[in-house]
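If you're matching positions, the sequence shown starts at 21 in the numbering used here and goes up one per residue. The C-beta atom is built at its ideal place from N, Cα and C for all residues, glycine as well. This one's a predicted model, so the numbers in the text were calculated from it and none came from an experiment.
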Amino acid sequence: MIAIADAYFSGLQKNDGKGVNGTGTYPFTNDCDRIENGSHTTNVPRPPNEPKDAINGFALDCLSQFKLGFYFVVQSIHDRRYPLVDAERGAVWAHAVFDQGTVNSGILSDGRPYSFRGFNRPSSILATEVFLIDNGKIRRVEMVGPSAFYHLRSPWGGLSGH
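Have a look at this one:
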């Protein structure tokens, strides 16, 4: 289960749409949903007046976001730790530090250019995430993460070699 959660971080860190370690796959169920700091960051209904060809990453599910390479703004995920695994409930609790903001514009895996507003300065997120894993795939991700200065080192260090 830790390997599945770690594959999420690896896929997010190198979010080029090519899958975890270039395998073409990501560890998500078809109905995976993610909530960050209390807000949905997946499966958000599109506004009725939004053009159909608009890039709205938050309207996508987890798998579609990763296949699109939507999170290219995350440059590094380090000091990964997995202090709790509940095999009976299929839950993994993780800590990690996300470094972002050194890149805010890029090319999505479908060839379209995209720029993130608000990602114009280096910063980090001290993330605590819980993964609900069902039959070897992530069904739900819940994250709480305050912003921090860039490349913060976790006071707990990492256990996964990252």
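- Along the length of the stretch 38-90, whole beta strand (DSSP E) runs at least 3 residues long occupy 48-56, reported in chain order.
- Taking C-beta separations shorter than 6 Å and ignoring five residues to either side along the sequence, the partners of Lys87 in its chain run Gly37, following chain order.
- Sequence-distant Cβ neighbours of Ile158 in its own chain, meaning closer than 8 Å and more than five residues away, are Ile24, Ala25, Tyr28, Pro47, Phe48, Thr49, Cys52, Cys82, Phe151 and Leu152.
- DSSP places Leu32 in the helix class (H, G or I) of the three-state scheme.
- Following the DSSP letters along the chain, one finds Arg160 inside the beta strand (DSSP E) bounded by residues Lys157 to Val164.
- Per DSSP, Gly131 lies in no beta strand (DSSP E) segment and is marked neither H nor E.
- For Val40, the number of other beta carbons within 10 angstroms of its own is at least 16, and it is reported as buried.
- Closest in alpha carbon position to Gly58, among Phe92, Val93 and Thr148, is Thr148.
- For Val117, the beta-bridge partners assigned by DSSP are His98 and Leu146.
- In the structure shown, Ala168 adopts extended strand secondary structure according to DSSP, grouped into three states.
- Counting C-beta atoms within 10 angstroms of its own C-beta, Gly89 has 16 or more neighbours from the protein chains shown and is therefore classed as buried.
- The bridge partners DSSP lists for Ser125 are Ser135.
- Taking every protein chain shown into account, the CB of Asn140 has fewer than 16 other CB atoms within 10 angstroms, so this residue is exposed.
- The alpha-carbon of Glu162 is positioned some 23 Å away from that of Ile75.
- The three-state secondary structure of Ala107, taken from DSSP, is coil.
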